[in-house]
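K.L.:
In my numbering, the protein residues as written are 402 to 859. Ideal Cβ placement from N, Cα and C applies to all residues, glycine included. Note that the structure is a prediction, hence the values are computed from the model and not measured.
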Ligand code: UDX
Ligand code: UDX
Ligand code: ADP
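See the structure below:
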């Protein structure tokens, strides 16, 4: 069997790098894993003795970090030192959509990838396997190779692509029991070394080997397909509402077809998260670059439908509340882009809340994990009072006080079993529940006297 790396360095202590390296360290006690980041506050948080204060909230992550930190898992700002000591370096830095210049709004901004590749070129010693972990547009490895290739004599590099498919909120489970591990590259010996790391806990038939480009493209394609299913079901949900069908029944019926499958058919307020929109727009940009206009337009429509769904929900709330929400209190249940995470990147709640603020509503937001500071950044205004304002409150009951409506936007477990009698009693009548996730106990809410709108229910 292939030799194991002795020291792994991961550049980027974010949502991907942190949990991934923690699981590698947990499963491979013989490997020393050092996660480095330029952001000293983030590293300090990873080193916080209080494990409830890690910078990433993931169920089970605290236990994994607790087992390995200080043993064979380290978090540090000494980037070059960790690279120099490592025989394998993961690049797990951020790759947001470019906000200006060529490809603005669609292409990925690779400046952090480029900067970290340059640091590796400078600091590495001997032979180093460099592994792309961030989602990167197809053919980025070529750029990384070019930067590394320009290095000094006595250094050599093998570049691999090893995209991460973990979903937030289930990161530890996804890492410990992956559907597959994908390793792309053109150096079989390097692929063997990385495969030997995963072989500690992943069975061999789940470790797929491809060329570099296929690996990079598979990540974009997987996310595009998943997002496409959500836009597809959300489009059908709107159609169900217009015609009297029920999207839950439709989803169950089509999901029973083994060619379609039951997962990712939950209609909702649109997909959020750091990956889906970014990866699709990347795919769109690349297709256009290669002259494939029809293909680009096809995938672009997935994002357009998603944006439309969010505006549609804000609009229908206003319409049901007699065409105006100016000065009205509305309770927003959930601000994270999905349950079990504190992440709000691209959360559908942001666009819906902004539309309602624009209409003059007073939003009472409840979310078990998202901070007031983050909501302020996302909504572009601090918490306040009066028309077009928002506040973060501690409980659904507090949010409902004097409110005309509740909007269920994130499927947090605690929102599934609420005391609807108590809630309805403190709302202004006639009161509404807008269940954009289809998760509330609708019968109980109706029994408490609320008017109920549920996503996809005609
Ligand atoms: C389809 C549905 O499968 C069936 O459930 C429904 O009742 C009727 O329509 P059918 O048209 O007989 O059945 O054939 P199907 O095997 O689904 O193929 C349809 C077309 O898609 C064919 O031209 C086939 O070549 C093509 N196809 C199918 C692909 O190009 N790629 C695939 O992966 C699958
Ligand atoms: C996703 C991919 O699942 C993961 O493989 C990839 O590595 C990163 O992107 P993530 O963004 O963490 O993971 O969350 P995911 O569970 O996929 O949900 C994305 C969005 O789709 C959320 O806003 C979620 O609420 C929404 N969604 C998901 C639905 O609206 N309906 C569904 O049926 C599933
Ligand atoms: P992801 O969701 O892909 O993990 P994050 O934004 O959560 O992305 O994390 C990426 C991390 O990478 C950030 O903490 C950022 O500070 C770090 N980073 C970016 N560029 C560099 C670099 N050149 N050297 C070290 N760390 C970097």
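For residue 524, I'd like the list of residues in its chain whose CB is within less than 7 Å of its CB, leaving aside the five on either flank, ordered along the chain.
P.N.:
Within the same chain, residue 524 has close Cβ partners 481, 484 and 485.
K.L.:
Residue range of the alpha helix (DSSP H) that residue 835 falls in?
P.N.:
Here residue 835 belongs to no alpha helix (DSSP H); instead the beta strand (DSSP E) covers 833-836.
K.L.:
Enumerate in chain order the residues of its own chain whose CB-to-CB distance from residue 590 is below 8 Å, with the five nearest sequence positions on each side excluded.
P.N.:
So the list reads 403 and 559, once near-sequence residues are dropped.
K.L.:
Return the Cβ separation of residue 442 and residue 454 in integer angstroms, given the expectation that the two are a contact with Cβ distance under 8 Å.
P.N.:
Rounded, the Cβ-Cβ distance is 12 Å, inconsistent with contact.
K.L.:
Anyone know if the C-beta pair for residue 537 and residue 617 falls short of 8 Å?
P.N.:
Yes, these two residues count as a Cβ contact at 8 Å.
K.L.:
Give the straight-line distance between the Cα atoms of residue 753 and residue 780, rounded to the nearest whole angstrom.
P.N.:
Their Cα atoms are separated by approximately 10 Å.
K.L.:
With distance defined between alpha-carbon atoms, name the residue in 581, 571, 601 and 707 nearest to residue 625.
P.N.:
Cα-wise, what sits closest to residue 625 is 707.
K.L.:
In this structure, what does DSSP give as the bridge partners for residue 489?
P.N.:
For residue 489, which the question treats as bridged, DSSP gives the partners 409 and 530.
K.L.:
Cα separation between residue 529 and residue 611?
P.N.:
If you take the alpha carbons of residue 529 and residue 611, they lie about 20 Å apart.
K.L.:
Is it right to say residue 565 is buried, meaning 16 or more other beta carbons lie within 10 angstroms of its own, or is it exposed?
P.N.:
When all chains shown are included, residue 565 counts as buried.
K.L.:
Check each residue's C-beta against every heavy atom of ligand 2 and list, in chain order, those closer than 5 Å.
P.N.:
Those residues, listed in chain order, are 566, 568, 569, 631, 665, 667, 669, 672, 673, 674, 676, 738 and 739.
K.L.:
Identify, in the order they occur along the chain, each residue of the same chain with its Cβ nearer than 8 Å to the Cβ of residue 647, setting aside the five sequence neighbours on each side.
P.N.:
Here the set comprises 641, 857, 858 and 859.
K.L.:
Following a CB-centred definition, is residue 437 positioned closer than 7 Å to any heavy atom of ligand 3?
P.N.:
Under cutoff, so the answer is yes.
K.L.:
Shorter than 7 Å, the distance from the beta carbon of residue 845 to the closest heavy atom of ligand 3, or not?
P.N.:
The answer is no for residue 845.
K.L.:
By the three-class DSSP mapping on this structure, what secondary structure does residue 585 have?
P.N.:
Here residue 585 sits in strand by DSSP.
K.L.:
Within 10 angstroms of the Cβ of residue 855, are there 16 or more other Cβ atoms? Answer buried if so, exposed if not.
P.N.:
Burial call: buried.
K.L.:
Taking 7 Å as the cut-off, is the C-beta of residue 520 nearer than that to any heavy atom in ligand 3?
P.N.:
Yes, the beta carbon of residue 520 sits closer than 7 Å to at least one heavy atom of ligand 3.
K.L.:
Taking the alpha-carbon positions, what's the residue 803 to residue 819 distance?
P.N.:
Rounded to whole angstroms, residue 803 to residue 819 spans 17 Å at the Cα level.
K.L.:
Within the present structure, is the beta-carbon of residue 458 separated from the nearest heavy atom of ligand 3 by less than 7 Å?
P.N.:
Checking the Cβ of residue 458 against ligand 3 gives no.
K.L.:
Look up residue 433 in the DSSP assignment and say whether it is helix, strand or coil.
P.N.:
In the structure shown, residue 433 sits in a strand (DSSP, three-state: E or B).
K.L.:
Using CA atoms only, rank isn't needed, just tell me which of 456, 416, 410 and 428 is closest to residue 435.
P.N.:
Selected option, being the one with the closest Cα: 410.
K.L.:
Whose C-beta lies closer than 7 Å to the C-beta of residue 602 among residues of the same chain, with five residues either side of it excluded?
P.N.:
Closer than 7 Å at the Cβ level, and outside the excluded window around residue 602, lie 428 and 577.
K.L.:
Please name the residue or residues paired with residue 765 in a DSSP beta bridge.
P.N.:
Its beta-bridge partners are 732 and 792.
K.L.:
Near residue 463, what residues of its chain come up, given a Cβ to Cβ distance below 7 Å and the 5 sequence neighbours on each side ignored?
P.N.:
Result list for residue 463: 452, 453 and 455, in chain order.
K.L.:
Within 8 Å, do at least three Cβ pairs link the segment 789-800 to the segment 649-665?
P.N.:
Touching, no.
K.L.:
Which residues share a DSSP beta bridge with residue 505?
P.N.:
Answer is none; residue 505 lacks a bridge partner.
K.L.:
Looking only at C-alpha atoms, which of 613, 736, 526 and 574 sits nearest to residue 670?
P.N.:
Considering only alpha carbons, the answer is 736.
K.L.:
Please state whether DSSP places residue 566 in a helix, a strand or coil.
P.N.:
DSSP places residue 566 in coil when its eight states are reduced to three.
K.L.:
Around the C-beta of residue 663, are 16 or more other C-beta atoms found within 10 angstroms, so that it is buried, or is it exposed?
P.N.:
Exposed: under 16 other Cβ atoms inside 10 Å.
K.L.:
Alpha carbons only, please: which of 762, 693, 734 and 508 is nearest the one belonging to residue 724?
P.N.:
Of the listed residues, the one whose Cα sits closest to residue 724 is 762.
K.L.:
Among residues of its own chain, excluding the 5 on either side of residue 785, which ones have a beta-carbon nearer than 8 Å to its beta-carbon?
P.N.:
791 and 792.
K.L.:
What do you reckon, is the C-beta of residue 686 under 7 Å from a heavy atom of ligand 3?
P.N.:
No, since every heavy atom of ligand 3 falls outside the 7 Å radius drawn around the Cβ of residue 686.
K.L.:
When you measure from the CB of residue 448 to every non-hydrogen atom of ligand 3, does any distance come out below 7 Å?
P.N.:
No, the beta carbon of residue 448 sits no closer than 7 Å to any heavy atom of ligand 3.
K.L.:
Tell me which same chain residues have a C-beta within less than 7 Å of the C-beta of residue 470, skipping the five on either side of it?
P.N.:
Cβ neighbours of residue 470 beyond the five flanking positions: none.
K.L.:
Between 683, 745 and 639, which lies nearest to residue 713 when the distance is taken from Cα to Cα?
P.N.:
Here the closest residue by C-alpha is 639.
K.L.:
With a 10 Å radius around its C-beta and 16 neighbouring C-beta atoms as the bar for buried, classify residue 759 as buried or exposed.
P.N.:
Exposed: under 16 other Cβ atoms inside 10 Å.
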